[in-house]
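Visitor: Questions regarding the structure given below will be posed in turn.
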Amino acid sequence: MSMETETLRWFQLVADGVTVTEVSEIEGISQPAVSRALSRLELQVGTPLLRREGRVLRLTHAGSAFKQHVDTVLHHLDDGIAAVQQILDPERGTVTIAFQPSFGSWLVPDLVSSFHAEHPHVHLDLRTTADETVPDVDPRSDVDVELSTLRPPPGPEHPRWRVLAVEPLRLLVGPGHRLEGTHEVALSQVADEPFVMIKPTSLLRRQSERLCAEAHFEPNVAFVADDLPTLRGYVAAGLGVAIAPALWGGSVAAPVAGLHVLALTDPGATREVGLSWAPQRRMLPAAELFREHVLARARAGKLPRPV
């Protein structure tokens, strides 16, 4: 059975909500020609893939099942085309990198600038992770590598992982706090105090709750922050205490007036920073260059140091 790649792409567009009229305008072909091509595809598959609802085409049950495989086929085809192009000129490829927002002020700038110094024509597509509890690297994803504190479970079906650095966690307290000036503290010393926590989709939230549980208390979450700068601001305003990454190359950023950073003596008050990628997906040459650059920089101890 022969199916034209062009028709599969048109089906993919329509299935994703693009109208036949819009497809015809995008492709520079008549609307009837697109409709005939989609009809031929349904004949080849042997069942209707699309049904009309007013002016919009919707997927049938069979169409939904077919669409998943079309996405996979076209994704692999695009990877193949990109692979050939990068073999011809790997220095002009594209690398898609996902990263946790807290790495945007120290780790990502260092890696991007040092990589571009050696490979100035490779394009880097940088994306912040929306939900840190779910990996962005996946055989079906277009993400090549991910910088994350999410260590995937072992197994051939899960992403590969390499630790780049171990970042200490600290207790943040506000102005005039009774522990101000103390060098080291245990979380149990603030068990009765209000906490500022990061949002639930952050791995730091999960780790903070685990550390409190291991210290035998449940934190009283008074405020929730979307990011680390907001969390620091809340603590500096005296709204509560918080657990946050240490002053690692700026991950807690420049000093905030009224904010005090105390070392934690609790076991496990660190987070691993790592690089992950999907082993089931063949890494293209430009992405391989970036992965090896990151790993080599970590091995050589060239990542930003705690300040």
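To convert, note that position 159 of the sequence shown is 170 in the working numbering; the numbers rise steadily by one, no gaps.
All C-beta atoms in this analysis are idealised placements derived from N, C-alpha and C, irrespective of residue type, glycine included.
Report back the beta-carbon spacing between residue 158 and residue 114 to the nearest angstrom; my notes put them in contact at under 8 angstroms.
Guide: Taking the first residue of the sequence shown as 1, we reach residue 158 at position 147. Taking the first residue of the sequence shown as 1, we reach residue 114 at position 103. Yes, they are in contact, since the Cβ atoms of residue 158 and residue 114 sit about 5 angstroms apart, within 8 angstroms.
Visitor: Helix, strand or coil: which one does DSSP assign to residue 133?
Guide: Indexing the sequence shown from 1 puts residue 133 at position 122. Residue state, collapsed to three classes: coil.
Visitor: Can you find the residues in the same chain that come closer than 7 angstroms, C-beta to C-beta, to residue 8, ignoring five residues on each side of it along the sequence?
Guide: The requested residue 8 is not part of the displayed model; the chain covers only 12 to 318.
Visitor: Could you name the residues that DSSP lists as bridge partners for residue 285?
Guide: Residue 285 sits at position 274 when you count from the first residue of the sequence shown. Beta-bridge pairing links residue 285 to 159 and 174.
Visitor: Distance check for residue 232 and residue 285, CA to CA, integer angstroms please.
Guide: Residue numbering aside, residue 285 sits at position 274 when the sequence shown is read from its first letter. Residue numbering aside, residue 232 sits at position 221 when the sequence shown is read from its first letter. C-alpha separation (whole angstroms): 28 angstroms.
Visitor: Residues in its own chain within less than 8 angstroms of residue 88 by CB, not counting five upstream and five downstream?
Guide: Counting from one through the sequence shown, the residue named residue 88 turns up at place 77. Hits under 8 angstroms: 16.
Visitor: Out of curiosity, what's the CA-to-CA distance linking residue 53 and residue 19?
Guide: Within the sequence shown, numbered from 1, the residue matching residue 53 stands at position 42. Within the sequence shown, numbered from 1, the residue matching residue 19 stands at position 8. One C-alpha to the other measures close to 11 angstroms.
Visitor: Which one of 238, 312, 71 and 198 has the shortest CA to CA distance from residue 175?
Guide: To locate residue 175, count along the sequence shown from 1; it is residue 164. It is 312 whose Cα lies nearest to the Cα of residue 175.
Visitor: Since residue 256 is in the beta strand (DSSP E), which residue starts that stretch and which ends it?
Guide: Numbered from its first residue, the sequence shown carries residue 256 at position 245. 253-256 is the span of the beta strand (DSSP E), which, as asked, contains residue 256.
Visitor: When you compare only the Cα positions, how much space is there between residue 252 and residue 206?
Guide: Looking up residue 252 in the sequence shown gives position 241. Looking up residue 206 in the sequence shown gives position 195. Rounded to the nearest angstrom, the two C-alpha atoms are 5 angstroms apart.
Visitor: Where does residue 189 sit, in a helix, a strand or coil, going by DSSP?
Guide: Working through the sequence shown from its first residue, we reach residue 189 at position 178. In this structure, DSSP gives residue 189 a state outside helix and strand, which the three-state scheme calls coil.
Visitor: Is the separation between the beta-carbon of residue 160 and that of residue 111 shorter than 8 angstroms?
Guide: Counted from its first residue, the sequence shown places residue 160 at position 149. Counted from its first residue, the sequence shown places residue 111 at position 100. It is a contact, given that the beta carbons lie within the stated cut-off.
Visitor: Could you check if residue 168 is buried or exposed, using at least 16 other CB atoms within 10 Å of its CB as the buried criterion?
Guide: Reading the sequence shown from its first residue, position 157 is the one you call residue 168. Exposed, because fewer than 16 other Cβ atoms sit within 10 Å of the Cβ of residue 168.
Visitor: Could you work out which residue in 41, 244, 152 and 102 is closest to residue 79 when comparing CA atoms only?
Guide: Translated into positions along the sequence shown, residue 79 becomes position 68. Residue 152 is the option with its Cα nearest to residue 79.
Visitor: Might you give, ordered along the chain, the residues of its own chain that have their beta carbon closer than 8 angstroms to the beta carbon of residue 41, omitting 5 neighbours on each side?
Guide: Here residue 41 is taken as the residue at index 30 of the sequence shown, counted from 1. Cβ within range, chain order: 35.
Visitor: Could you give the residue range of the beta strand (DSSP E) that holds residue 271?
Guide: In the sequence shown, counting from the first residue as 1, residue 271 sits at position 260. Start and end: 271-275.
Visitor: Identify whether residue 235 lies in helix, strand or coil by the three-state DSSP scheme.
Guide: Residue numbering aside, residue 235 sits at position 224 when the sequence shown is read from its first letter. Residue state, collapsed to three classes: strand.
Visitor: Would you report the Cα separation of residue 235 and residue 241, rounded to the nearest angstrom?
Guide: Your numbering for residue 235 matches position 224 in the sequence shown. Your numbering for residue 241 matches position 230 in the sequence shown. Taking the straight line from one Cα to the other gives about 9 angstroms.
Visitor: Counting only runs that start and end within the segment 35-67, where is the alpha helix (DSSP H) found for 4 or more residues in a row?
Guide: 42-56
Visitor: With a cut-off of 8 angstroms, do at least 3 Cβ pairs link the segment 61-68 to the segment 23-37?
Guide: yes
Visitor: Look at the Cβ atom of residue 310, then the Cβ atom of residue 150, and state whether they are nearer than 8 angstroms.
Guide: By 1-based counting over the sequence shown, the position of residue 310 is 299. By 1-based counting over the sequence shown, the position of residue 150 is 139. No, the Cβ-Cβ distance between residue 310 and residue 150 is not below 8 angstroms.
Visitor: Using the Cβ count rule (16 or more neighbours within 10 Å means buried), how would you classify residue 213?
Guide: The residue labelled residue 213 in the question sits at position 202 within the sequence shown. Buried.
Visitor: Does residue 74 pass the burial test, meaning 16 or more other C-beta atoms within 10 Å, or should it be called exposed?
Guide: To locate residue 74, count along the sequence shown from 1; it is residue 63. Answer is buried; the Cβ neighbour count reaches 16.
Visitor: According to DSSP, residue 208 sits in a beta bridge with which residue or residues?
Guide: On the sequence shown, residue 208 is found 197 positions in, with the first residue counted as 1. Paired residue(s): 235.
Visitor: Which same chain residues, not among the five before or five after residue 304, have their C-beta less than 6 angstroms away from its C-beta?
Guide: What you label residue 304 is simply residue 293 of the sequence shown in a count that begins at 1. The answer, listed in chain order, is 126.
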